[in-house]
Amino acid sequence: MKKVVISLGGSILIPSLENHTIRDYVPVLQKIAKKCRLFVVVGGGGEARRYINITRELGIDEGTSDEIGILITRLNATMLIAALGEAAYPKVAESHAEAKKFSEHGKIVVMGGITPGQTTDAVAAVLAERVGATAFINATSVDGIYSEDPKKNPKATRFDAITPQKLLEIVGKTALGAGSNNVLDIVAARVVERSGIPLIVLDGSRPENLSEAILKGKFRGTVVSEGKKKPLPV
């Protein structure tokens, strides 16, 4: 069975505790998991950034702020696991080795952050490499990779397909700190380049975008790959 790794942005899944999409995502992820071995890496979202803002107000160092953010990602992952019920392995994977081991049970594996200084996108990219995924999907708040931040420049160009080298060029212009919310970070981009695993960046605000992409190969987004072969559907 093919393997798919999804980096599910915290800003998509849990912008805040009062405004989340967990209930909407559960049936979609359950449906996808019937057709492939599924791994989901969950971001911190608005709650993580609220905590990190407080740590900065208190003058706490970035490494400790990262560790606090990681705890929030794991709380988010725990909530998603509970909502998925029997479809998910009942424990949050806290390392790539654990994720591989948990997947042997044939259930959805969910994890959050692992290491300070590393985003959940980077965690997902390495996980895709470790498990030999067919595709790595980044479900985020924009519908692909742009030449510039489309929220700052409405005239920015969206790419349908780019090479990993072009991706590195684009993300190399962005800054990274605890709780950063870029479309992808430089570490994840480098892992994508070395692994050769196709990356698909798409808008995750509508959960069905994921099922349509993975199960039907239909999506609006950006494919990052050296080859012309379509990685989806599974």
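Once you know that position 109 of the sequence shown is 162 in this note's numbering, the rest is easy, because the numbers rise by one and skip nothing.
Note that beta-carbon positions come from the ideal geometry of N, C-alpha and C, so glycine has one too.
Given the structure is predicted, the values throughout are model-derived calculations rather than measurements.
Buried versus exposed call for residue i [16 or more other C-beta atoms within 10 Å across all chains shown]
i	result
Lys226	exposed
Pro260	buried
Lys271	exposed
Met54	exposed
Ser69	exposed
Asp77	exposed
Lys283	exposed
Ala266	buried
Ile125	buried
Gly112	exposed
Gly230	Bear in mind that the predicted position of Gly230 carries a pLDDT of just 49, short of 50, making it unreliable; the figure below should be weighed with that in mind. Flag for Gly230 reads exposed.
Asn106	exposed
Gly232	Reliability of the predicted coordinates at Gly232 is poor, the pLDDT of 47 falling under 50, and the value obtained from them is presented with this limitation in mind. So Gly232 ends up on the buried side.
Pro251	buried
Lys281	exposed
Asn129	buried
Unbroken alpha helix (DSSP H) run spanning residue i, endpoints
i	result
Gly98	98-110
Thr131	115-137
Thr173	173-184
Phe155	149-156
Ile161	First-last for Ile161: undefined, no H or E at that position.
Ile167	Element bounds for Ile167: n/a, residue is neither H nor E.
Ala86	75-86
Ile267	Looking at the DSSP string, Ile267 is not in any alpha helix (DSSP H), and its letter there is neither H nor E.
Val240	239-248
Val236	Counting along the chain, Val236 falls outside any alpha helix (DSSP H), and DSSP gives it neither H nor E.
Lys219	217-224
Assumed close pair residue i, residue j - CB separation to whole angstroms, cut-off 8 Å
i	j	result
Val79	Ala177	No, Val79 and Ala177 are not in contact; Cβ-Cβ is about 19 Å, not under 8 Å.
Leu263	Ile190	7 Å
Ala175	Val162	Ala175 to Val162, Cβ: 17 Å. No contact.
Gly98	Leu66	6 Å
Ala101	Gly122	5 Å
Glu182	Val244	6 Å
Asp119	Gly170	6 Å
Ser148	Ile167	6 Å
Gly257	Leu61	6 Å
Contact set for residue i: own chain, Cβ-Cβ below 7 Å, skip 5 residues either direction
i	result
Lys160	Ala140, Ala141, Tyr142
Thr74	Ile65, Leu66, Pro260
Asn234	Residue confidence is low: Asn234 scores 47 on pLDDT, short of 50, so the model does not pin down where it sits. Its coordinate-derived value is still stated next. If we look at Asn234 and ignore the five residues flanking it on each side, its Cβ neighbours are Ser64.
Thr187	Lys55, Lys56, Val57, Pro284, Val287
Thr210	Tyr199, Ser200
Ser248	Ala181, Glu182
Gly185	Lys56
For residue i, the first and last residue of its enclosing beta strand (DSSP E)
i	result
Val254	252-256
Ile59	56-61
Phe92	90-95
Asn262	Unbroken run through Asn262 is the alpha helix (DSSP H), 261-264; no beta strand (DSSP E).
Ala192	188-193
Val277	274-277
6 Å CB neighbourhood of residue i in its chain, flanking five on each side removed
i	result
Arg273	Asp196
Val254	Asn191, Gly197, Ile198, Gly274, Thr275
Arg109	none
Arg127	Val145, Gly165
Val224	Leu237, Ile239, Ala242
Thr172	Asp238
Residues that DSSP places opposite residue i in a beta bridge
i	result
Ile198	Phe212
Ser69	Asn72
Ala146	Met164
Ala140	None, per the DSSP bridge assignment.
Close Cβ partners of residue i (< 8 Å) along its chain, the five nearest in sequence each way excluded
i	result
Leu137	Val79, Leu82, Gln83, Ile161, Val163
Glu246	Pro217, Gln218, Leu220, Leu221
Leu268	Lys84, Ile85, Lys88, Pro286, Val287
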